[in-house]
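Student: Quick one: structure below, then a few questions.
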Amino acid sequence: MTDPNKIIINLALFGMTQSGKSSAGNILLGSTDFHSIFAPCSVTTCCSLGRSCHLHSFMRRAGREVALQFQVLDTPGYPHSRLSNEHVKREVKEALTHHFGQEGLNLALLVQRADVPFCGKEVTYPVQMIQELLGHAWMNYTAILFTHAEKIEEAGLNEDKYLHEASDTLITLLNSIQHKYVFHYKKGKSIYEQRMKILERIMEFIKENGYQVLTFK
Ligand SMILES: Nc1nc2c(ncn2[C@@H]2O[C@H](COP(=O)(O)OP(=O)(O)OP(=O)(O)O)[C@@H](O)[C@H]2O)c(=O)[nH]1
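Residue numbers (our numbering): -16 to 200.
Given below as structure tokens:
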């Protein structure tokens, strides 16, 4: 029987090689489960699922504290430096079915470096994979997690200015996903504060979507 005082939130990370998926996954989980390292090629080759500890004092329902647990699926970069696009797509599809087939996916996070312009053919590949694997309702279940956001501040911009000056491709994508985005700054605040800021925002998106999930067969 499901425990009414516990909610499991299922997230999947998508993005280009070295966009910061594993690192973002570790922040979300509050762990170092995923192997995250700088490399001039793709590091992650298989999908893997990480689970966070239960988070208390984060959410209340009907006057009672609800424990939240996040499950995060890390995926290989797309495009990948060694694996074909077909291989990566198959791997991710199988992992989604295996881990979230029944329970369902709450949110797909497109992990995108804020310091890499969102233009050209390759940046759209991960979006295409999300569309193919999530189906026609993909936009209700997708948010962008911008990594390397500290570069925005270093350039003397802020989030609003950055988005105002963004490429047409990014603006179109943001419009399709109803402006669901969050910036990750890898400096300043403690890891705990960075984590809470991102989790709060993600929970807002999930709540706005009525806690609906996408299942995979
Ligand atoms: N400065 C900065 N570095 C970051 C940020 N996010 C990730 N990195 C670094 O970028 C490098 C690659 O990060 P990963 O998390 O391994 O990237 P990935 O997308 O999982 O990489 P692949 O598995 O190769 O596709 C690591 O050295 C991270 O520490 C960020 O927000 N700011």
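A virtual CB, placed ideally from N, CA and C, is assigned to each residue, including glycine. Predicted, not measured: the structure shown is a model, and the values here were computed from it.
As an exercise, report each continuous alpha helix (DSSP H) stretch of at least 4 residues that is fully enclosed by the segment 22 to 86, in chain order.
Tutor: 68 to 83
Student: Counting only the same chain and skipping the five closest in sequence on each side, list residues whose C-beta sits under 6 Å from that of Gly3.
Tutor: As a position in the sequence shown, residue 3 is number 20, starting the count at 1. These residues qualify, in order along the chain: Val94, Thr130.
Student: Grab the span of the beta strand (DSSP E) containing Gly(-2) for me, first residue to last.
Tutor: The residue labelled residue -2 in the question sits at position 15 within the sequence shown. Unbroken beta strand (DSSP E) run through Gly(-2): -11 to -2.
Student: Do you know how far the Cα of Ala97 is from the Cα of Ala(-5)?
Tutor: Here residue -5 corresponds to residue number 12 of the sequence shown, with the count starting at 1. Here residue 97 corresponds to residue number 114 of the sequence shown, with the count starting at 1. Answer to the nearest angstrom: the Cα atoms are 19 Å apart.
Student: Going straight from the alpha carbon of Asn141 to that of Leu128, what length do you get?
Tutor: Within the sequence shown, residue 141 is the residue found at index 158, counting from 1. Within the sequence shown, residue 128 is the residue found at index 145, counting from 1. Each residue's Cα considered, the two are about 16 Å apart.
Student: Does Tyr164 come out as helix, strand or coil in the three-state DSSP assignment?
Tutor: The sequence position of residue 164 within the sequence shown is 181, counting from 1. Strand.
Student: How many angstroms separate the CA atom of Phe101 from the CA atom of Ser25?
Tutor: Taking the sequence shown and counting its residues from 1, one reaches residue 101 at position 118. Taking the sequence shown and counting its residues from 1, one reaches residue 25 at position 42. Taking the straight line joining both Cα atoms gives about 19 Å.
Student: Count the other CB atoms, across all protein chains shown, that sit within 10 Å of the CB of Gly171; report buried if there are 16 or more and exposed otherwise.
Tutor: Residue numbering aside, residue 171 sits at position 188 when the sequence shown is read from its first letter. By the neighbour-count rule (16 or more Cβ atoms within 10 Å), Gly171 is not buried but exposed.
Student: Is the beta carbon of Tyr124 sitting closer than 8 Å to the one on Leu117?
Tutor: In the sequence shown, counting from the first residue as 1, residue 124 sits at position 141. In the sequence shown, counting from the first residue as 1, residue 117 sits at position 134. Cβ distance < 8 Å, so Tyr124 and Leu117 count as in contact.
Student: Tell me which residue opens and which closes the alpha helix (DSSP H) that Leu146 is part of.
Tutor: For the purposes of this step, residue 146 is taken as residue 163 along the sequence shown, with counting starting at 1. Element bounds for Leu146: 142 to 147.
Student: For Lys(-11), which of Leu38, Ser19, Leu12 has the nearest alpha-carbon?
Tutor: The residue labelled residue -11 in the question sits at position 6 within the sequence shown. Selected option, being the one with the closest Cα: Leu38.
Student: By Cβ distance, which residues of its chain are closer than 6 Å to Asn192, with the 5 residues on each side in sequence left out?
Tutor: As a working note, residue 192 is residue 209 in the sequence shown. Taken in chain order, the residues that qualify are Asn123.
Student: If contacts are defined as beta-carbon pairs under 8 Å, then Gly46 and Thr0 qualify, I think. What distance do you get, rounded to the angstrom?
Tutor: Walking along the sequence shown from the start, residue 46 turns up at place 63. Walking along the sequence shown from the start, residue 0 turns up at place 17. Not a contact, Cβ separation roughly 46 Å.
Student: Given a cut-off of 8 Å, decide if Met112 and Phe(-3) are closer than it, judged by their beta-carbon atoms.
Tutor: Stepping through the sequence shown from its first residue, residue -3 is reached at position 14. Stepping through the sequence shown from its first residue, residue 112 is reached at position 129. In contact: Phe(-3) and Met112 (Cβ atoms closer than 8 Å).
Student: Got a sec, what are the start and stop residues for the alpha helix (DSSP H) Gln111 sits in?
Tutor: Residue 111 sits at position 128 when you count from the first residue of the sequence shown. First-last of the alpha helix (DSSP H) with Gln111: 108 to 117.
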